[in-house]
Amino acid sequence: MKVLYILFFIILIACNSKETNLKNKTAIIDSISTDNTNSLGTKLFLDFRKNMSPEEYFKCVNNLVQQKKISSESGSQYYLTGDCKTFLKPVFENNILKRIELGGIECIYPQYVKKYGIPNMISKNLTEEYIENNPDYNPQFFYVDEKKQTIKLPSAFTDNAQKIKPGEKILLQNNQMTKVLVKDKIEILRDSIAIIIEQEFSENPIGNFESYSLSESPEILEYQKSEIGKKNMGMFGIENKFIQSNSKLKHVIRNPFLLTKIIYIAREDYVTEKQKSDTNEKLQQVKEKEKVKRNSNVTNEI
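In this text, residue positions in the sequence shown follow the working numbering: the first is 1, and each later residue adds one.
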């Protein structure tokens, strides 16, 4: 009976030893799944690690493409999920991978809400639409054509619209809604990485639209149907420029450019960057205070 206990104990030790080795091997395989054994760094996102070289990054890309986790199209990478295709961008500094950025995040964002408990996006009207007095209003009724002949514009180029009070705008209702973050920056700090979700608004020349009151007048529309109107107001028509100069009002639609992205960065790097940013902001505040103080002193000096 004693012998049986001894045999059972030996078998138990052997099994535990085998299981421990298997676990260690799985952890090592997982950590070197990109074969970057000489340059392992903090795991940022998927198998991408901090300090990868460009060569190591693209080797990892090929592996992930085979696993159907990302796609590579025309030199760009996309993170693939069941319903979403999210732009994936590496950020290198001195040929060293420092962060991974995901762009066009509206589709995938609910997954972060579910996992990290952050606020949902909200729908917001970012479009500004209004009518104002045309600052370029300078009516012209004669011009010289390519044959050096003086041509009188038809009466359709006389704008009968009523100007509004100087400096005022007539605001128009616009129902175009855009998904935005509740806050411009959301920080998710984990053990070794920081996940930063942020949005930024900027001027968008492509998204702006301007038209003039004459371009919508019945008289101009009728003139454009005539033979001479088709000639003089075609794509390169000589009379097109007078729509702007002869219009009393301008219709403006402004759509800001919205950039949203998710950044995966080593936590220590993010803390360092944030400290530098805070320091620079404080220095700028000090400079502004010194500038105000100096201006005040100059007022007393002169």
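Think of the CB as a built atom: it goes at the ideal place given N, C-alpha and C, for glycine as much as any other residue. Remember, predicted model here, so these are calculated numbers, not experimental data.
- For V65, the uninterrupted alpha helix (DSSP H) segment begins and ends at 54-66.
- With contacts defined by Cβ atoms closer than 8 Å, Y57 and I70 do not form a contacting pair.
- Between the C-alpha atoms of Y270 and Q67 there is a straight-line separation of about 30 Å.
- Cβ contact annotation for Q176 (same chain, cutoff 7 Å, sequence separation greater than five): N125, T127, in chain order.
- Within its own chain, the residues whose Cβ lies closer than 7 Å to the Cβ of F45, once the five positions on either side in sequence are excluded, are I100, Y264, listed in chain order.
- The C-beta distance from I193 to A266 rounds to 6 Å, short enough to fall under 8 Å.
- Residue state for F141 is assigned as coil, using DSSP reduced to three classes.
- The DSSP-derived three-state label of R267 is helix.
- Going by C-alpha positions, I186 is about 38 Å away from G167.
- One thing to note: L172 has its Cβ within 8 Å of the Cβ of Y130.
- With a threshold of 16 other beta carbon atoms within 10 Å, E290 falls short and is exposed.
- The criterion of a C-beta distance shorter than 8 Å is not satisfied by K230 and N134.
- DSSP, read as helix, strand or coil, puts T279 in helix.
- D136 and S245 do touch by the CB rule: their CB atoms are close to 6 Å apart, below 8 Å.
- As far as DSSP is concerned, N208 takes part in no beta bridge.
- S277 has its alpha-carbon roughly 21 Å from the corresponding atom of N94.
- In terms of Cβ geometry, N232 and E239 form a close pair [threshold 8 Å].
- Contact annotation: T86 and I108 have beta-carbon atoms nearer than 8 Å.
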